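Quick notes on the structure that follows.
Numbering (UniProt numbering), first residue to last: 1 to 251.
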């Protein structure tokens with residue numbers, strides 16, 4: 001992103017890149033920015049925000065901008081992209097991953113990519129992610145900067161309409177329920193008693209633990225659920241009630 005920003009503009013251009021991030025041991029944004037600035041004699045303006053923001057402050061930040069730039073390597077759903085569209089911004093995004101459920105050429109600039117080996121502190125074996133094409137990202141930045149604001153609003157409105165139609169809580173829940181019903185009706189294993197192995201954190205302040213609790217609460221009646229929290233001993237539970245796992249203490 002910082003390389004493409006330096007290629008697309010100079011300090012004389014009426015543009016600014018606002019980066020909302022937060023401090024953590026693996027965040028090297030200051031070093032990355034210094035490296036990019038050293039490569040371009042007239043590097044365009046950048047503002048970095050690391051402070052926590054309330055929901056209203058974040059909403060205000062979205063609304064003070066013209067375009068969201070999110071050339072991510074991998075997304076789950078892409079919530080910031082959806083939030084930006086609901087706030088009146090089109091997006092520049094990688095043409096890959098979860099956001100493709102709602103981004104398209106009518107509401108976004110889709111950036112080409114290629115798969116590359118992941119080099120992160122996780123050290124995951126043989127993992128890859130999508131790395132954007134810097135030239136294509138540079139072109140997208142230039143295109144967005146030269147697009148009339150009325151067109152930007154039309155693009156954002158198209159994204160907003162799609163999200164409000166297809167991604168309300170009810171719409172997503174209905175699609176999920178229908179998908180499960182279809183699977184259970186057509187897969188033989190669904191007719192037999194399930195035995196599920198689940199490795200997760202538990203009884204702790206953790207998103208994964210919360211997801212696991214909600215998912216296991218909906219385990220089929222009569223299913224054997226055997227699961228373990230790292231560092232704790234194995235426990236098992238026969239799910240005769242829908243909420244049985246919610247009362248299970250793995251400690």
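We put the CB at the ideal spot given by N, CA and C, even for glycine.
Because the structure is a prediction, the values reported are computed rather than measured.
Residue environment, residue 95, which counts as buried when at least 16 other CB atoms sit within 10 Å: buried
Is it right to say residue 51 is buried, meaning 16 or more other beta carbons lie within 10 angstroms of its own, or is it exposed? exposed
Pair within 7 Å by beta-carbon distance, residue 152 and residue 80: Cβ distance not < 7 Å, so residue 152 and residue 80 don't count as in contact.
So what's residue 128 in DSSP terms, helix, strand or just coil? strand
So does the stretch 99 to 117 actually touch the stretch 41 to 48, counting three or more Cβ pairs closer than 8 Å? no
Taking the alpha carbon of residue 83 as the point to measure from, which residue in 74, 61 and 10 has its own alpha carbon closest? 61
In chain order, what residues of the same chain lie with their CB nearer than 6 Å to the CB of residue 17, ignoring the 5 residues before and after it? 5 and 46
Would you grab the beta carbon distance between residue 102 and residue 167 for me? Rounded to a whole angstrom, and I think it's under 8 Å. 7 Å
Report back the beta-carbon spacing between residue 33 and residue 2 to the nearest angstrom; my notes put them in contact at under 8 Å. 6 Å
Would you grab the beta carbon distance between residue 111 and residue 140 for me? Rounded to a whole angstrom, and I think it's under 8 Å. 6 Å
Could you give the residue range of the beta strand (DSSP E) that holds residue 170? Premise fails: residue 170 lies in the alpha helix (DSSP H), 169 to 186, not in any beta strand (DSSP E).
May I ask which residues mark the beginning and end of the alpha helix (DSSP H) holding residue 7? 2 to 8
In whole angstroms, what is the alpha-carbon distance linking residue 108 and residue 224? 45 Å
For residue 93, the nearest candidate out of 130, 20 and 63 (CA to CA): 130
Where the beta strand (DSSP E) through residue 195 begins and ends: 195 to 199
Might you give, ordered along the chain, the residues of its own chain that have their beta carbon closer than 6 Å to the beta carbon of residue 75, omitting 5 neighbours on each side? 97, 98 and 99
Taking the Cβ atom as the reference point for each residue, do residue 138 and residue 7 lie within a distance shorter than 7 Å? yes
Would residue 86 and residue 160 be called neighbours here (beta carbons separated by less than 7 Å)? yes
Determine the direct distance from the alpha carbon of residue 177 to that of residue 202, and round the result to whole angstroms. Taking the straight line from one Cα to the other gives about 25 Å.
Assign residue 239 to one of three DSSP states: helix, strand, or coil. Residue confidence for residue 239 is low, a pLDDT of 39 falling below 50, so the modelled location carries little weight; the figure read from the coordinates is stated next. The DSSP-derived three-state label of residue 239 is strand.
Look at residue 143 and residue 88 and say whether their C-beta atoms are less than 7 Å apart. no
May I ask you to report which of helix, strand or coil DSSP gives residue 114? strand
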